[in-house]
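Student:
Residue numbers (our numbering): 876 to 1218.
(1) Taking all protein chains shown into account, decide if residue 951 is buried (16 or more other Cβ within 10 angstroms of its Cβ) or exposed.
(2) Three or more beta-carbon pairs under 8 Å between the region 927-941 and the region 1059-1073, yes or no?
(3) Give the secondary structure of residue 1147 by DSSP, where H, G and I count as helix, E and B as strand, and everything else as coil.
(4) Quick check on the DSSP output: the beta strand (DSSP E) that includes residue 1080 runs from which residue to which?
(5) Any idea which residues DSSP pairs residue 1024 with across the strands?
(6) In the DSSP assignment, find the unbroken alpha helix (DSSP H) run with residue 1215 in it and report its ends.
(7) The alpha helix (DSSP H) with residue 1129 in it runs from where to where?
(8) Report the residue from 1169, 1154, 1217 whose alpha carbon sits nearest the alpha carbon of residue 854.
(9) Using a Cβ-Cβ cut-off of 8 Å (strictly less than) and excluding sequence neighbours within five positions of residue 1115, which residues of its own chain qualify?
(10) Using 8 Å for Cβ pairs, my map puts residue 964 next to residue 940. What's the rounded Cβ distance?
(11) Look at the alpha carbon of residue 886 and the alpha carbon of residue 1033, and state the distance between them as a whole number of angstroms.
(12) Along the chain, where does the beta strand (DSSP E) containing residue 1209 start, and where does it finish?
(13) Within the same chain, show all residues whose beta-carbon is closer than 6 Å to that of residue 1055, passing over the 5 residues directly before and after it, in chain order.
(14) Using the C-alpha atoms, what's the distance from residue 1177 back to residue 1205?
(15) Going by other Cβ atoms of all chains shown within 10 Å of its Cβ, with 16 needed for buried, is residue 1073 buried or exposed?
(16) In angstroms, rounded to a whole number, what distance separates the CA positions of residue 1181 and residue 1093?
(17) Compare the beta carbon distance of residue 1031 and residue 1117 with 8 Å and say whether it is the shorter of the two.
(18) Rounded to whole angstroms, what's the CA-CA distance from residue 1213 to residue 1128? Just pull it up for me.
(19) How far does the alpha helix (DSSP H) with residue 1186 in it reach, from first residue to last?
(20) Let me know the secondary structure DSSP gives residue 895 once reduced to three states.
(21) If the criterion is Cβ atoms closer than 8 Å, does the pair residue 1221 and residue 1135 meet it?
(22) In three-state DSSP terms, what is residue 950?
(23) Could you tell me which uninterrupted alpha helix (DSSP H) segments, each at least 4 residues in length, are contained entirely in the region 946-1020, listed from first to last along the chain?
(24) Give a yes or no on whether the C-beta atoms belonging to residue 948 and residue 978 are separated by under 8 Å.
(25) Give the straight-line distance between the Cα atoms of residue 931 and residue 919, rounded to the nearest whole angstrom.
(26) Once you ignore the five residues that flank residue 995 on each side, which residues in its own chain have a CB closer than 7 Å to its CB?
(27) Does the Cβ of residue 905 have 16 or more other Cβ atoms within 10 Å, making it buried, or fewer, making it exposed?
(28) Spatial neighbours of residue 1169 within its chain, please: CB distance less than 6 Å, with the 5 preceding and 5 following residues excluded, ordered by chain position.
(29) Taking all protein chains shown into account, do 16 or more other C-beta atoms lie within 10 angstroms of the C-beta of residue 1014, making it buried, or fewer, making it exposed?
(30) Roughly how many angstroms separate the alpha carbons of residue 998 and residue 1164, rounded to a whole number?
(31) Residue 953 and residue 961 - do their beta-carbons sit closer together than 8 Å?
(32) Quick test of your reading: residue 1142 and residue 1162, contact by CB under 8 Å. State the CB separation rounded to the nearest angstrom.
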């Protein structure tokens, strides 16, 4: 008799990702860091909070990795936002070791305030995961985001009015060199929880996930149920499908913008307003965004309204003054050229 369907589903999802990593590992050039060289098997880490999604992911990684000759470890991040967080992180470390993962680390971080509590915690978490991956020479870090998380991300992007890239949600592969992998984006949250239950895996339910002070929590417990009540079942699946389609479109437009950028600069490398004006708006705004980021504007602080203001220097020129952007970057129109640089 085979494993429970939920267990089989999570294992298959992880197996597919591990096969991709093995293929990439064998295609890698010889002159790579020792941890990724062909003489040693690649190391894959799982980011685990102790919740159902990440515990299910850890269990699947522990089961599949030995069969494929992959080393598997784990990392848990202690955000220090709740009483007893250090002890809870120690419990997660113990559970990961009991699954047979090695190495296993717990990393404490200090969460700032930039961008709000959710964004600040996310930034601190990814910085810790990046550091851990580099320290251990990991080929990849697996994240337990599910289809439900993807649907929530799409709705949050829609609410911000941030454009098609925001609607594309989370990528299955992201980060520097494709470091982050999300095997569960096609699986729902209940499948992960069921897999933990049938395997008798203890899980921790973060109280922040039910705290209405957090936007994602309100969306999860109030917004999505209201949508499903009004529109019927299938909203989560439809939103996840929207993310996939939007990502394809956004990738195509990004590629077009990358090619177009070289054609709208003069010999000195300045952007020519007349040539920018001739581009389709979606392509032109991508060129402007790239230029602002290259000038020093932080990508995470550069919103659609900033790009729209720059765009008006091209499409609605009335002699207006310079546009101040995040990162002390200034955009202004001078002699038919768009100049974007540190102010």
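Even for Gly, the Cβ is constructed at its ideal location relative to N, Cα and C. Bear in mind the structure is a predicted one, so any value in this text is a computation, not a measurement.
Tutor: Reading from the atomic positions:
(1) Here residue 951 is buried, its C-beta having at least 16 other C-beta atoms within 10 Å.
(2) Touching, per the Cβ criterion.
(3) Three-state DSSP puts residue 1147 in a strand.
(4) No beta strand (DSSP E) holds residue 1080; DSSP gives it neither H nor E.
(5) Paired residue(s): none; residue 1024 is not in a bridge.
(6) Looking at the DSSP string, residue 1215 is not in any alpha helix (DSSP H); the run it does join, the beta strand (DSSP E), is 1212-1217.
(7) Counting along the chain, the alpha helix (DSSP H) containing residue 1129 begins and ends at 1110-1136.
(8) In this structure the chain extends from 876 to 1218, so residue 854 is not present and cannot be described.
(9) Shown here for residue 1115: same chain residues with a beta carbon closer than 8 Å to its own, the five before and five after excluded, namely 1022, 1025, 1026, 1029, 1044, 1060, 1061 in chain order.
(10) No, residue 964 and residue 940 are not in contact; Cβ-Cβ is about 23 Å, not under 8 Å.
(11) When rounded, the distance between both Cα atoms is 32 Å.
(12) Its beta strand (DSSP E) spans residues 1204-1209.
(13) Excluding residues within five positions, the ones whose Cβ falls inside 6 Å are 1016, 1018, 1049.
(14) Computed Cα separation, rounded: 12 Å.
(15) In the assembly as shown, residue 1073 is an exposed residue. Its beta-carbon has fewer than 16 other beta-carbons within 10 Å.
(16) The straight-line gap from Cα to Cα measures roughly 28 Å.
(17) Not in contact: residue 1031 and residue 1117 (Cβ atoms no closer than 8 Å).
(18) Separation of residue 1213 and residue 1128 (C-alpha to C-alpha, rounded to the nearest whole angstrom) is 21 Å.
(19) Where residue 1186 is concerned, the enclosing alpha helix (DSSP H) starts and stops at 1179-1190.
(20) In the structure shown, residue 895 sits in a helix (DSSP, three-state: H, G or I).
(21) The question about residue 1221 has no answer here: the residues shown for the chain are numbered 876 through 1218.
(22) Correct three-state label for residue 950: strand.
(23) Here the runs fully enclosed are 960-973, 992-1011.
(24) Yes, Cβ-Cβ distance for residue 948 and residue 978 is below 8 Å.
(25) One C-alpha to the other measures close to 15 Å.
(26) Counting only Cβ-Cβ distances below 7 Å, and skipping sequence neighbours, we find 986, 987, 988, 989.
(27) A caution first: residue 905 carries a pLDDT of 49, below 50, which makes its placement in the model unreliable, though a value can still be read off. It is exposed - the Cβ of residue 905 has fewer than 16 other Cβ atoms within 10 Å.
(28) So no residue of the chain qualifies.
(29) Classification for residue 1014: buried.
(30) Approximately 21 Å, taken between the alpha carbons.
(31) Yes, they are a contact pair.
(32) The Cβ separation is near 18 Å, so there is no contact.
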